[in-house]
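Presented below is the structure to which this report refers.
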(Lines of atoms letter the chains of each structure in order from A and count residues from 1; the text may use other names and numbers.)
(Lines give C-alpha, C1' and ligand atoms only; values in the text may rest on other atoms or scores of the structure.)
Protein backbone atom coordinates (compact mmCIF):
# COMPACT_ATOMS: atom_id res chain seq x y z
CA UNK A 1 0.00 0.00 0.00
CA UNK A 2 1.32 3.50 -0.92
CA UNK A 3 2.16 5.93 1.91
CA UNK A 4 0.23 9.21 1.63
CA UNK A 5 1.57 12.42 3.27
CA UNK A 6 -0.35 15.46 4.37
CA UNK A 7 0.75 18.85 3.06
CA UNK A 8 2.06 19.83 6.47
CA UNK A 9 3.99 16.60 6.85
CA UNK A 10 5.57 17.04 3.44
CA UNK A 11 6.57 20.62 4.15
CA UNK A 12 8.02 19.54 7.48
CA UNK A 13 9.97 16.74 5.79
CA UNK A 14 11.38 19.15 3.19
CA UNK A 15 12.28 21.60 5.95
CA UNK A 16 14.22 18.88 7.73
CA UNK A 17 16.18 18.31 4.52
CA UNK A 18 17.12 21.99 4.44
CA UNK A 19 18.01 22.01 8.13
CA UNK A 20 20.20 18.96 7.84
CA UNK A 21 22.16 20.44 4.92
CA UNK A 22 25.17 22.28 6.40
CA UNK A 23 25.77 24.23 3.22
CA UNK A 24 22.24 25.67 3.24
CA UNK A 25 22.57 26.63 6.91
CA UNK A 26 25.72 28.69 6.40
CA UNK A 27 25.49 30.24 2.94
CA UNK A 28 26.43 33.55 1.33
CA UNK A 29 24.21 34.84 -1.50
CA UNK A 30 24.92 37.90 -3.66
CA UNK A 31 22.12 39.84 -5.30
CA UNK A 32 20.37 43.16 -5.83
CA UNK A 33 17.71 44.32 -3.39
CA UNK A 34 14.53 44.89 -5.38
CA UNK A 35 11.91 45.08 -2.66
CA UNK A 36 12.44 46.04 0.97
CA UNK A 37 9.98 46.57 3.80
CA UNK A 38 10.76 47.45 7.40
CA UNK A 39 7.96 45.94 9.49
CA UNK A 40 6.71 47.62 12.64
CA UNK A 41 7.83 44.53 14.57
CA UNK A 42 11.42 45.27 13.61
CA UNK A 43 11.73 42.48 11.03
CA UNK A 44 12.98 43.28 7.52
CA UNK A 45 11.39 41.58 4.52
CA UNK A 46 13.19 41.94 1.20
CA UNK A 47 14.06 40.21 -2.06
CA UNK A 48 17.45 39.75 -3.70
CA UNK A 49 17.72 39.00 -7.36
CA UNK A 50 19.95 38.70 -10.37
CA UNK A 51 18.94 38.83 -14.01
CA UNK A 52 17.64 35.28 -13.92
CA UNK A 53 16.09 34.64 -10.49
CA UNK A 54 14.80 36.16 -7.27
CA UNK A 55 14.99 34.92 -3.68
CA UNK A 56 12.74 35.97 -0.78
CA UNK A 57 14.63 36.96 2.36
CA UNK A 58 13.86 37.93 5.91
CA UNK A 59 16.01 39.34 8.69
CA UNK A 60 14.44 39.04 12.12
CA UNK A 61 14.73 41.90 14.58
CA UNK A 62 17.10 39.89 16.77
CA UNK A 63 19.64 39.74 13.92
CA UNK A 64 19.51 43.45 13.08
CA UNK A 65 22.77 43.91 14.96
CA UNK A 66 24.48 42.41 11.92
CA UNK A 67 23.24 45.28 9.70
CA UNK A 68 25.23 48.52 9.86
CA UNK A 69 23.40 50.42 7.09
CA UNK A 70 19.81 50.97 5.98
CA UNK A 71 18.74 48.42 3.43
CA UNK A 72 17.20 49.96 0.33
CA UNK A 73 16.09 49.37 -3.22
CA UNK A 74 18.76 48.67 -5.87
CA UNK A 75 21.59 47.92 -3.46
CA UNK A 76 23.99 45.13 -4.30
CA UNK A 77 24.40 43.06 -1.13
CA UNK A 78 25.87 39.81 0.16
CA UNK A 79 23.52 38.04 2.55
CA UNK A 80 24.80 35.44 5.01
CA UNK A 81 22.30 33.09 6.62
CA UNK A 82 20.38 29.88 6.17
CA UNK A 83 17.85 28.65 3.64
CA UNK A 84 14.77 26.99 5.06
CA UNK A 85 11.13 26.30 4.32
CA UNK A 86 8.25 28.33 5.70
CA UNK A 87 5.93 25.43 6.44
CA UNK A 88 2.67 27.36 6.34
CA UNK A 89 3.14 28.53 2.74
CA UNK A 90 5.44 25.79 1.53
CA UNK A 91 7.94 28.37 0.33
CA UNK A 92 11.61 28.52 1.00
CA UNK A 93 13.44 31.72 1.83
CA UNK A 94 16.77 32.96 3.05
CA UNK A 95 16.86 33.79 6.78
CA UNK A 96 19.55 36.48 6.96
CA UNK A 97 21.90 36.77 9.90
CA UNK A 98 24.28 39.23 8.35
CA UNK A 99 24.10 41.60 5.35
CA UNK A 100 27.00 43.50 3.81
CA UNK A 101 27.06 45.87 0.86
CA UNK A 102 28.54 44.60 -2.38
CA UNK A 103 28.50 47.80 -4.42
CA UNK A 104 25.41 49.61 -5.68
CA UNK A 105 22.98 48.07 -8.09
CA UNK A 106 22.40 49.37 -11.59
CA UNK A 107 19.04 50.94 -10.80
CA UNK A 108 20.39 52.59 -7.68
CA UNK A 109 23.35 53.96 -9.63
CA UNK A 110 21.02 55.41 -12.25
CA UNK A 111 18.87 56.89 -9.50
CA UNK A 112 21.82 58.59 -7.79
CA UNK A 113 23.27 59.86 -11.07
CA UNK A 114 20.01 61.46 -12.18
CA UNK A 115 19.41 62.86 -8.70
CA UNK A 116 22.81 64.58 -8.67
CA UNK A 117 22.39 65.97 -12.19
CA UNK A 118 18.89 67.36 -11.57
CA UNK A 119 19.98 68.80 -8.24
CA UNK A 120 22.84 70.62 -10.01
CA UNK A 121 20.32 71.97 -12.54
CA UNK A 122 18.19 73.45 -9.72
CA UNK A 123 15.24 71.07 -10.10
CA UNK A 124 15.13 70.50 -6.33
CA UNK A 125 15.66 74.13 -5.30
CA UNK A 126 13.17 75.50 -2.79
CA UNK A 127 12.88 78.76 -4.72
CA UNK A 128 11.02 76.87 -7.46
CA UNK A 129 8.54 75.28 -5.05
CA UNK A 130 4.98 76.57 -5.42
CA UNK A 131 2.51 76.97 -2.58
CA UNK A 132 -0.27 74.37 -2.44
CA UNK A 133 -3.66 76.21 -2.63
CA UNK A 134 -5.42 76.23 0.72
CA UNK A 135 -8.95 76.13 -0.73
CA UNK A 136 -8.95 74.34 -4.12
CA UNK A 137 -12.04 73.73 -6.23
CA UNK A 138 -10.56 71.30 -8.73
CA UNK A 139 -7.93 68.60 -8.12
CA UNK A 140 -6.14 66.81 -10.98
CA UNK A 141 -4.92 63.23 -10.46
CA UNK A 142 -2.35 61.38 -12.56
CA UNK A 143 -2.45 57.68 -11.68
CA UNK A 144 -3.88 54.37 -12.82
CA UNK A 145 -7.65 54.32 -13.21
CA UNK A 146 -7.81 51.06 -11.24
CA UNK A 147 -6.11 50.24 -7.99
CA UNK A 148 -6.07 51.25 -4.38
CA UNK A 149 -4.37 54.63 -4.96
CA UNK A 150 -7.20 56.26 -6.92
CA UNK A 151 -9.84 54.76 -4.62
CA UNK A 152 -8.05 56.09 -1.53
CA UNK A 153 -7.74 59.56 -3.07
CA UNK A 154 -11.41 59.63 -4.09
CA UNK A 155 -12.68 58.36 -0.74
CA UNK A 156 -10.61 60.72 1.38
CA UNK A 157 -11.13 63.75 -0.87
CA UNK A 158 -14.92 63.42 -1.04
CA UNK A 159 -15.14 62.71 2.68
CA UNK A 160 -13.18 65.87 3.49
CA UNK A 161 -15.00 67.99 0.91
CA UNK A 162 -18.09 66.60 -0.87
CA UNK A 163 -18.03 69.59 -3.26
CA UNK A 164 -14.49 69.05 -4.57
CA UNK A 165 -14.12 68.28 -8.27
CA UNK A 166 -11.67 65.48 -9.10
CA UNK A 167 -10.23 65.18 -12.64
CA UNK A 168 -8.45 61.89 -13.38
CA UNK A 169 -5.91 61.40 -16.14
CA UNK A 170 -5.66 57.58 -16.37
CA UNK A 171 -1.93 56.93 -16.75
CA UNK A 172 0.19 53.82 -16.95
CA UNK A 173 2.24 53.83 -13.76
CA UNK A 174 4.46 50.78 -14.32
CA UNK A 175 6.49 49.48 -17.23
CA UNK A 176 8.19 50.91 -20.30
CA UNK A 177 5.28 53.15 -21.37
CA UNK A 178 4.63 54.55 -17.89
CA UNK A 179 6.93 57.60 -17.88
CA UNK A 180 5.59 59.14 -21.16
CA UNK A 181 1.93 58.76 -20.06
CA UNK A 182 2.66 60.22 -16.61
CA UNK A 183 4.43 63.22 -18.16
CA UNK A 184 1.60 63.66 -20.67
CA UNK A 185 -0.97 63.57 -17.86
CA UNK A 186 0.84 66.31 -15.98
CA UNK A 187 0.95 68.54 -19.07
CA UNK A 188 -2.72 67.91 -19.95
CA UNK A 189 -4.01 68.71 -16.45
CA UNK A 190 -1.76 71.76 -16.24
CA UNK A 191 -3.30 73.10 -19.44
CA UNK A 192 -6.82 72.11 -18.32
CA UNK A 193 -6.63 74.47 -15.36
CA UNK A 194 -6.84 72.53 -12.10
CA UNK A 195 -5.76 74.00 -8.75
CA UNK A 196 -3.48 71.14 -7.67
CA UNK A 197 -2.13 67.99 -9.33
CA UNK A 198 -1.52 64.73 -7.44
CA UNK A 199 0.94 62.38 -9.18
CA UNK A 200 1.46 58.91 -7.76
CA UNK A 201 0.63 55.28 -7.31
CA UNK A 202 0.65 52.58 -4.64
CA UNK A 203 3.70 50.79 -3.29
CA UNK A 204 5.95 48.34 -5.06
CA UNK A 205 9.54 47.43 -5.75
CA UNK A 206 12.08 49.87 -7.12
CA UNK A 207 11.43 48.49 -10.60
CA UNK A 208 7.68 49.00 -10.15
CA UNK A 209 8.19 52.63 -9.15
CA UNK A 210 10.94 53.35 -11.68
CA UNK A 211 8.74 55.45 -13.97
CA UNK A 212 8.74 58.15 -11.29
CA UNK A 213 12.56 58.16 -11.41
CA UNK A 214 12.65 59.03 -15.11
CA UNK A 215 13.93 62.44 -16.25
CA UNK A 216 10.91 62.82 -18.52
CA UNK A 217 8.57 62.83 -15.51
CA UNK A 218 10.87 65.05 -13.45
CA UNK A 219 11.02 67.60 -16.30
CA UNK A 220 7.20 67.64 -16.65
CA UNK A 221 6.79 68.26 -12.90
CA UNK A 222 9.44 71.01 -12.89
CA UNK A 223 7.87 72.87 -15.83
CA UNK A 224 4.30 72.49 -14.57
CA UNK A 225 2.69 75.83 -13.63
CA UNK A 226 0.21 74.09 -11.32
CA UNK A 227 1.44 72.98 -7.87
CA UNK A 228 2.26 69.25 -7.86
CA UNK A 229 2.06 66.80 -4.95
CA UNK A 230 3.98 63.55 -5.39
CA UNK A 231 2.45 60.46 -3.75
CA UNK A 232 4.49 57.46 -4.83
CA UNK A 233 4.48 54.18 -2.91
CA UNK A 234 4.79 53.97 0.84
CA UNK A 235 6.43 56.30 3.33
CA UNK A 236 9.84 54.59 2.95
CA UNK A 237 9.78 54.80 -0.86
CA UNK A 238 11.67 57.77 -2.29
CA UNK A 239 11.66 58.75 -5.98
CA UNK A 240 13.05 61.57 -8.12
CA UNK A 241 9.50 62.86 -8.47
CA UNK A 242 9.42 63.43 -4.70
CA UNK A 243 12.41 65.79 -4.89
CA UNK A 244 11.08 67.78 -7.87
CA UNK A 245 7.46 68.09 -6.72
CA UNK A 246 6.27 71.12 -4.78
CA UNK A 247 5.20 68.84 -1.92
CA UNK A 248 5.87 65.18 -1.11
CA UNK A 249 3.17 63.03 0.46
CA UNK A 250 4.16 59.70 2.03
CA UNK A 251 1.15 57.92 0.48
CA UNK A 252 -1.69 58.68 -1.96
CA UNK A 253 -4.09 58.90 0.99
CA UNK A 254 -1.86 61.48 2.64
CA UNK A 255 -1.72 63.42 -0.64
CA UNK A 256 -5.51 63.70 -0.63
CA UNK A 257 -5.44 65.01 2.93
CA UNK A 258 -2.76 67.56 2.01
CA UNK A 259 -4.53 68.71 -1.15
CA UNK A 260 -8.16 68.81 0.05
CA UNK A 261 -9.07 70.82 3.17
CA UNK A 262 -11.64 69.38 5.55
CA UNK A 263 -14.88 71.34 5.12
CA UNK A 264 -15.91 70.60 8.70
CA UNK A 265 -12.70 72.11 10.02
CA UNK A 266 -13.17 75.14 7.78
CA UNK A 267 -16.76 75.61 8.95
CA UNK A 268 -15.60 75.21 12.54
CA UNK A 269 -12.90 77.85 12.04
CA UNK A 270 -15.40 80.15 10.33
CA UNK A 271 -17.75 79.74 13.27
CA UNK A 272 -14.92 80.57 15.67
CA UNK A 273 -13.99 83.57 13.53
CA UNK A 274 -17.63 84.68 13.52
CA UNK A 275 -17.83 84.46 17.32
CA UNK A 276 -14.55 86.31 17.68
CA UNK A 277 -15.65 88.95 15.18
CA UNK A 278 -18.97 89.41 17.01
CA UNK A 279 -17.14 89.85 20.31
CA UNK A 280 -14.67 92.30 18.80
CA UNK A 281 -17.43 94.25 17.05
CA UNK A 282 -19.53 94.39 20.23
CA UNK A 283 -16.52 95.58 22.18
CA UNK A 284 -15.70 98.18 19.55
CA UNK A 285 -19.29 99.38 19.32
CA UNK A 286 -19.47 99.70 23.12
CA UNK A 287 -16.16 101.55 23.20
CA UNK A 288 -17.13 103.96 20.42
CA UNK A 289 -20.51 104.54 22.01
CA UNK A 290 -18.66 105.67 25.12
CA UNK A 291 -16.49 107.91 22.96
CA UNK A 292 -19.61 109.29 21.25
CA UNK A 293 -21.24 110.04 24.60
CA UNK A 294 -18.09 111.82 25.78
CA UNK A 295 -17.95 113.82 22.56
CA UNK A 296 -21.67 114.62 22.87
CA UNK A 297 -21.16 115.96 26.37
CA UNK A 298 -18.13 117.95 25.28
CA UNK A 299 -19.99 119.26 22.23
CA UNK A 300 -22.97 120.18 24.38
CA UNK A 301 -20.68 122.05 26.73
CA UNK A 302 -18.79 123.77 23.92
CA UNK A 303 -21.70 124.35 21.53
CA UNK A 304 -22.60 127.99 20.60
CA UNK A 305 -26.18 127.41 21.72
CA UNK A 306 -25.02 126.34 25.17
CA UNK A 307 -22.62 129.25 25.36
CA UNK A 308 -25.32 131.66 24.25
CA UNK A 309 -27.62 130.21 26.91
CA UNK A 310 -24.92 130.54 29.57
CA UNK A 311 -24.12 134.11 28.46
CA UNK A 312 -27.80 134.93 28.43
CA UNK A 313 -28.07 133.66 32.01
CA UNK A 314 -25.07 135.76 32.96
CA UNK A 315 -26.60 138.78 31.26
CA UNK A 316 -29.85 138.17 33.12
CA UNK A 317 -27.95 137.96 36.40
CA UNK A 318 -26.05 141.11 35.50
CA UNK A 319 -29.31 142.81 34.52
CA UNK A 320 -30.83 141.85 37.87
CA UNK A 321 -27.77 143.14 39.68
CA UNK A 322 -27.79 146.31 37.59
CA UNK A 323 -31.49 146.88 38.27
CA UNK A 324 -30.85 146.29 41.96
CA UNK A 325 -28.00 148.78 42.05
CA UNK A 326 -29.91 151.29 39.90
CA UNK A 327 -32.91 151.00 42.20
CA UNK A 328 -30.63 151.38 45.17
CA UNK A 329 -28.90 154.40 43.70
CA UNK A 330 -32.24 155.90 42.61
CA UNK A 331 -33.62 155.40 46.08
CA UNK A 332 -30.63 157.16 47.59
CA UNK A 333 -30.78 159.91 45.00
CA UNK A 334 -34.52 160.32 45.50
CA UNK A 335 -33.94 160.66 49.21
CA UNK A 336 -31.21 163.16 48.56
CA UNK A 337 -33.49 164.98 46.10
CA UNK A 338 -36.22 165.15 48.69
CA UNK A 339 -33.75 166.57 51.20
CA UNK A 340 -32.49 169.08 48.67
CA UNK A 341 -36.06 169.97 47.73
CA UNK A 342 -36.88 170.52 51.36
CA UNK A 343 -33.84 172.67 51.76
CA UNK A 344 -34.54 174.41 48.46
CA UNK A 345 -38.12 174.97 49.52
CA UNK A 346 -36.82 176.57 52.67
CA UNK A 347 -34.61 178.86 50.62
CA UNK A 348 -37.17 179.60 47.90
CA UNK A 349 -38.30 183.24 47.60
CA UNK A 350 -41.82 182.07 46.98
CA UNK A 351 -41.76 180.19 50.26
CA UNK A 352 -40.63 183.28 51.97
CA UNK A 353 -43.26 185.30 50.20
CA UNK A 354 -45.91 182.91 51.46
CA UNK A 355 -44.67 183.61 54.94
CA UNK A 356 -45.53 187.31 54.70
CA UNK A 357 -42.35 188.50 53.13
CA UNK A 358 -42.11 190.52 49.91
CA UNK A 359 -39.62 190.90 47.13
CA UNK A 360 -38.73 194.51 46.23
CA UNK A 361 -37.10 195.63 42.98
CA UNK A 362 -36.45 199.10 41.55
CA UNK A 363 -37.39 200.40 38.20
CA UNK A 364 -34.33 198.60 36.71
CA UNK A 365 -35.57 195.27 38.09
CA UNK A 366 -32.69 195.31 40.56
CA UNK A 367 -33.17 193.78 43.96
CA UNK A 368 -33.47 196.36 46.65
CA UNK A 369 -31.30 195.19 49.53
CA UNK A 370 -30.78 198.45 51.39
CA UNK A 371 -32.47 201.78 51.86
CA UNK A 372 -29.26 203.28 50.62
CA UNK A 373 -30.03 202.04 47.11
CA UNK A 374 -33.30 204.07 46.80
CA UNK A 375 -34.42 207.60 47.29
CA UNK A 376 -37.65 209.39 47.72
CA UNK A 377 -39.75 209.38 44.60
CA UNK A 378 -38.41 206.10 43.19
CA UNK A 379 -40.94 203.68 41.83
CA UNK A 380 -40.58 200.23 43.42
CA UNK A 381 -42.19 196.93 42.60
CA UNK A 382 -43.21 194.89 45.61
CA UNK A 383 -43.76 191.18 44.73
CA UNK A 384 -45.98 189.22 47.08
CA UNK A 385 -47.44 185.75 46.80
CA UNK A 386 -50.29 186.56 44.49
CA UNK A 387 -48.91 189.54 42.53
CA UNK A 388 -46.89 192.75 42.26
CA UNK A 389 -47.49 196.11 43.95
CA UNK A 390 -46.30 199.39 42.44
CA UNK A 391 -45.27 201.87 45.13
CA UNK A 392 -43.63 205.29 45.19
CA UNK A 393 -41.04 205.99 47.86
CA UNK A 394 -42.04 208.89 50.03
CA UNK A 395 -39.62 208.26 52.90
CA UNK A 396 -36.77 205.92 53.87
CA UNK A 397 -35.64 205.00 57.36
CA UNK A 398 -32.51 203.08 58.25
CA UNK A 399 -32.81 200.54 61.08
CA UNK A 400 -30.14 198.52 62.85
CA UNK A 401 -31.25 194.89 63.58
CA UNK A 402 -29.87 192.52 66.20
CA UNK A 403 -29.50 188.74 65.98
CA UNK A 404 -33.13 188.24 66.90
CA UNK A 405 -34.26 190.61 64.15
CA UNK A 406 -35.19 193.41 66.56
CA UNK A 407 -34.34 196.85 65.14
CA UNK A 408 -33.38 200.25 66.54
CA UNK A 409 -34.09 203.51 64.91
CA UNK A 410 -30.91 204.76 63.35
CA UNK A 411 -32.34 207.80 61.67
CA UNK A 412 -34.37 208.75 58.72
CA UNK A 413 -33.94 210.49 55.47
CA UNK A 414 -36.36 212.05 53.05
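Numbering (my numbering), first residue to last: 264 to 677.
Here a beta-carbon is modelled for each residue, glycine too, at the ideal position from N, C-alpha and C.
Quick caveat, the model's predicted, so the values are computed rather than measured.
Taking a cut-off of 8 Å on C-beta distances, the stretch 492-507 touches the stretch 453-470, as three or more cross pairs fall below it. In this structure residue 624 touches residue 631 by the C-beta definition: roughly 6 Å separates them, less than 8 Å.
In this structure the stretch 346-366 does not touch the stretch 468-484; the number of beta carbon pairs closer than 8 Å is below three. In summary, residue 489 is buried, with 16 or more beta-carbon neighbours lying within 10 Å of its beta-carbon over all protein chains present.
Residues of the same chain with a CB within less than 6 Å of the CB of residue 477, apart from the 5 flanking positions on each side, are 442 in chain order. At the C-beta level, residue 295 and residue 313 come within 9 Å of one another.
With 16 or more other CB atoms across the displayed protein chains lying within 10 angstroms of its CB, residue 493 is buried. When only Cα atoms are considered, residue 270 and residue 433 end up about 44 Å apart. Short of 8 Å from the beta carbon of residue 360, and not among the five residues preceding or following it, lie these beta carbons of its own chain, in chain order: 322, 326, 329, 343, 344, 345. The distance from the Cβ of residue 521 to that of residue 530 is about 20 Å, inconsistent with a contact at the 8 Å cut-off. Contact check for residue 637 and residue 659: beta-carbon distance about 6 Å, within the 8 Å limit, so the pair qualifies.
The three-state reading of DSSP puts residue 419 in helix, counting H, G and I together. Between the stretch 445-461 and the stretch 391-405, the count of Cβ pairs shorter than 8 Å is three or higher; the stretches touch.
For residue 651, the uninterrupted beta strand (DSSP E) segment begins and ends at 650-655. Residue burial is scored here from C-beta neighbours: residue 399 has at least 16 other C-beta atoms within 10 angstroms and is therefore classed as buried. Annotation for residue 333: no alpha helix (DSSP H) segment contains it, and DSSP assigns it neither H nor E. Measuring C-alpha to C-alpha distances from residue 335 to each of 393, 435, 301, 663 identifies 301 as the nearest. Rounded to the nearest angstrom, the Cβ distance from residue 424 to residue 524 is 7 Å, consistent with a contact under 8 Å. Within the stretch 513-566, the runs of alpha helix (DSSP H) that reach at least 4 residues and sit entirely inside it are, in chain order, 515-522, 526-565. Taking C-beta atoms as the reference points, residue 621 and residue 652 count as a pair closer than 9 Å. Listed as beta-bridge partners of residue 390 by DSSP are no residues whatsoever. Only residues of its own chain outside the window of five on either side were considered, and among them 310 have a CB closer than 6 Å to the CB of residue 317, listed in chain order.
The C-alpha of residue 375 is placed about 17 Å away from the C-alpha of residue 332.
In summary, residue 337 is buried, with 16 or more beta-carbon neighbours lying within 10 Å of its beta-carbon over all protein chains present.
Check the Cα spacing between residue 656 and each of 639, 421, 648, 663: the tightest is with 639. In this structure residue 571 is exposed. Its beta-carbon is surrounded by fewer than 16 other beta-carbon atoms within 10 angstroms. If you ignore the 5 residues before and after residue 411, its C-beta comes within less than 7 Å of the C-beta of 465, all in its own chain and listed in chain order. In this structure, residue 401 keeps its C-beta atom at 9 Å or more from the C-beta atom of residue 453.
If you draw a 10 Å sphere on the C-beta of residue 491, you find 16 or more other C-beta atoms in it, and that means buried. Between residue 339 and residue 293, the C-beta spacing is below 9 Å.
Linking residue 279 to residue 315 through their CA atoms gives a straight-line distance of about 27 Å. Excluding sequence positions up to five before and after residue 437, its CB lies within less than 6 Å of the CB of 471, all in the same chain and listed in chain order. Straight-line measurement puts the Cα of residue 358 at about 49 Å from the Cα of residue 427. Measuring C-alpha to C-alpha distances from residue 508 to each of 540, 475, 484 identifies 484 as the nearest.
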